[in-house]
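Q:
Chains as they are written, first to last, in my numbering: chain A, 570 to 827; chain B, 570 to 827.
1) For chain A, find out if any of its Cβ atoms is closer than 7 Å to the Cβ of residue 778(B); answer yes or no.
2) Assign residue 814(A) to one of three DSSP states: helix, strand, or coil.
3) Can you say whether residue 801(B) is buried or exposed, counting buried as having 16 or more other CB atoms within 10 angstroms of its CB?
4) Using the Cα positions of residue 740(A) and residue 673(A), report the straight-line distance between them to the nearest angstrom.
5) When the Cα of residue 814(A) is compared with those of 808(B), 814(B) and 812(B), which residue comes out closest?
6) Going straight from the alpha carbon of residue 746(B) to that of residue 596(A), what length do you get?
7) With the cut-off set at 7 Å, would you say residue 760(B) and residue 783(B) are in Cβ contact?
8) Count the other CB atoms, across all protein chains shown, that sit within 10 Å of the CB of residue 706(A); report buried if there are 16 or more and exposed otherwise.
9) Just checking my contact of residue 684(B) with residue 583(B) at CB under 8 Å: how many whole Å lie between their CB atoms?
10) Sort out for me which residues DSSP pairs residue 741(A) with in a bridge.
11) Can you check whether the CB of residue 735(B) is closer than 7 Å to the CB of residue 818(A)?
12) Can you say whether residue 690(A) is buried or exposed, counting buried as having 16 or more other CB atoms within 10 angstroms of its CB?
13) Evaluate residue 798(B) with the Cβ neighbour count: other Cβ atoms within 10 Å of its Cβ, from every protein chain shown; 16 or more gives buried, anything less gives exposed.
14) Where does residue 803(A) fall in DSSP's three states?
15) What residues are listed by DSSP as bridge partners for residue 784(A)?
16) Could you work out which residues of chain A lie near residue 815(B), taking near to mean beta carbons separated by less than 7 Å?
17) Taking its Cβ as the centre, do 16 or more other Cβ atoms sit within 10 Å of residue 812(B), making it buried, or is it exposed?
18) If you draw a straight line from the alpha carbon of residue 615(B) to that of residue 636(B), how long is it in whole angstroms?
19) Grab me the residues of residue 755(A)'s own chain with a C-beta within less than 6 Å of its C-beta, minus the 5 sequence neighbours each way, in chain order.
20) So that I know if they touch, is there some Cβ in chain B lying closer than 7 Å to that of residue 619(A)?
21) Where does residue 652(A) sit, in a helix, a strand or coil, going by DSSP?
22) Pick helix, strand or coil for residue 592(B), following the three-state DSSP scheme.
23) Which residue's Cα is closest to the Cα of residue 732(A): 588(B), 633(B) and 816(B)?
24) Suppose you measure from the CA of residue 628(B) to the CA of residue 643(B); what does that come to, to the nearest Å?
25) Do you know offhand how far residue 749(B)'s Cα is from residue 717(B)'s?
26) Rounded to whole angstroms, what's the CA-CA distance from residue 822(A) to residue 651(B)? Just pull it up for me.
27) Is it buried or exposed, residue 775(B), if we count other Cβ atoms within 10 angstroms and call 16 or more buried?
28) If you run the structure through DSSP and keep just helix, strand and coil, what is residue 694(A)?
29) Going straight from the alpha carbon of residue 699(A) to that of residue 665(A), what length do you get?
30) Bridge partners of residue 558(B), per DSSP?
31) Closer than 7 Å, CB to CB, is residue 672(A) near chain B or not?
32) For residue 603(A), which three-state DSSP category applies?
33) How many angstroms separate the CA atom of residue 803(B) from the CA atom of residue 669(A)?
34) Under three-state DSSP, which class holds residue 719(B)?
35) So which residues on chain A does residue 771(B) lean against when the C-beta distance must stay under 9 Å?
36) Are the beta-carbon atoms of residue 517(A) and residue 610(A) separated by less than 7 Å?
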């Protein structure tokens, strides 16, 4: 960043550029710097770290956020960050933020999360990145209680950076009247899984199809996890890394298998 | 597994059920147990850990592999494992294998990999799982040099299991005439990234679109990485974990930020 220049902040998400969560995040980021939005033109929840390699990609400039350059894109969240970096921005962003997701990305959901894939795509490029999610799936959810924490976290990341290869996965509890958030907790990802139910239905042509549904099952009683933080009305902050190697297992298997 | 029962082995992939790589893997797994195949009906490369939550899913039984129950599915690799486990199998598989992918899944590609997402989906369910990839993108690639290693690795996993929360990401160098594979190396994921090029084209209606292309840039000179192993004609075996928390950073940030 040149002297006198405001930080450049790239905003993306996975619920689409038209969602309430991204509008809230953009309004906050405008306080901190020059904002550019590149986000999917349709919901991309559960896209994980998908990228588009067998289809053409398109983007269009849209006028959605006052005083902010914004582009909707036909691709995934990871595609959006790639297109922003390679094609739309004239300098590297000082910060990449993703969200605010309508729904939780705690525990193992980090693997399925389109929100976090935008952040991790930036991390691969050694750009500081944070993904924000609210544990409320309502498309009209109340994001007001997240503002102060988002500003504090992003200011801190802008000032101090983040270790290489790390992004932050930040989850907020649902807003509860009369029960303000107790604070923030640095956490580890809870062990858990989604217990699927596949609902079998018949289509109008009498052919069977399935809907994938399910509920989260927590398998972790630790009080140092993101699940615990959310259940106790704290904001959870998990440092997430791009290196998926299990280094402990590496030494164990090297001894065991040789 | 009941006494006298053969191990149940679930096979999936991301290049589709019609690819040469999965056929090779199925033929090997038949030597070790009872095999069921549930794999996408179309190529799903680069799908990351995507799941299908806004569209119906369909599957059909197909007769592609002699003596093996096989289903093609409209979803992603992770969907296939979910459908297998919840809907198609009458007992938990003793082993889940994915691949053999036509193309490399070393380094940061593990995040984009549909092959590894099928394995990791099984790992979330505490099932032993291995993803196999050949560093050769040719749809008619030669897989013959992989057989002996795949059988040894999967036998070992069937006998000894894997630590909870861990799957193996196994990559094979491309077959080179007269240069047999030197052996296997337990490795860590190399630090690297894909340097994108977005090719701009015009469609027949004169509207601009982009193709996402790129090449891998290795940023890691370590001789303990998967990239090094492949470049030196070894099979790379990386233990990959579902927990993406960076525990080192957790302590560092806790001190630094509080």
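For glycine and all other residues, C-beta sits at the position ideal for the given N, C-alpha and C.
A: In brief:
1) yes
2) strand
3) exposed
4) 7 Å
5) 808(B)
6) 60 Å
7) no
8) exposed
9) 5 Å
10) 703(A)
11) yes
12) buried
13) buried
14) coil
15) 764(A)
16) 735, 808, 809 and 810
17) buried
18) 31 Å
19) 806
20) yes
21) helix
22) helix
23) 816(B)
24) 6 Å
25) 12 Å
26) 28 Å
27) exposed
28) coil
29) 7 Å
30) Chain B is shown only over 570 to 827; residue 558(B) falls outside these bounds and no answer can be derived.
31) no
32) strand
33) 43 Å
34) helix
35) Going along chain A, no residue has its Cβ under 9 Å from residue 771(B), so there is no contact; the nearest lies around 11 Å.
36) Because chain A in this structure spans residues 570 to 827, residue 517(A) falls outside the shown range and cannot be described.
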